[in-house]
Amino acid sequence: QAQLFDSAEYLQPAADGRLCVADANLETVCYGSGDTRVNVNPYITLLHTLFLRSHNRLAKHLAQLRPDWTDERLFAVARTVN
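All the letters of the sequence shown, read from the start, carry residue numbers 4 to 85 under the working numbering.
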């Protein structure tokens, strides 16, 4: 699931709360994703965030079209389409 900050969706912090060290003087929070490489570089994180937002946009649209579908079915269909 995503988190909302300022009306935008972002990846969740990694479940174990570990830190990613990009520079000896700079520490940033790791993000959790279905792919362990999400924190390798900012471009991979960007792509994961874009796919997350696209998936959620599709799921919201599908929910309007098919209000009888369960959350699980909406998730699965949006994942397939995305």
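Don't be surprised by glycine CBs; every beta carbon is placed ideally from N, CA and C.
- Rounded to the nearest whole angstrom, the C-alpha separation of P45 and H58 is 20 Å.
- Each residue's CA atom was taken as its position, placing L14 and K63 some 18 Å apart.
- With respect to A81, L65 sits close: the two C-beta atoms are nearer than 8 Å.
- Distance from the CA atom of P70 to the CA atom of R76, rounded to whole angstroms, is 11 Å.
- Inter-residue distance for L61 and Y34 is about 22 Å (C-alpha atoms, whole angstroms).
- Distance from the CA of L49 to the CA of V84, rounded to the nearest whole angstrom, comes to 20 Å.
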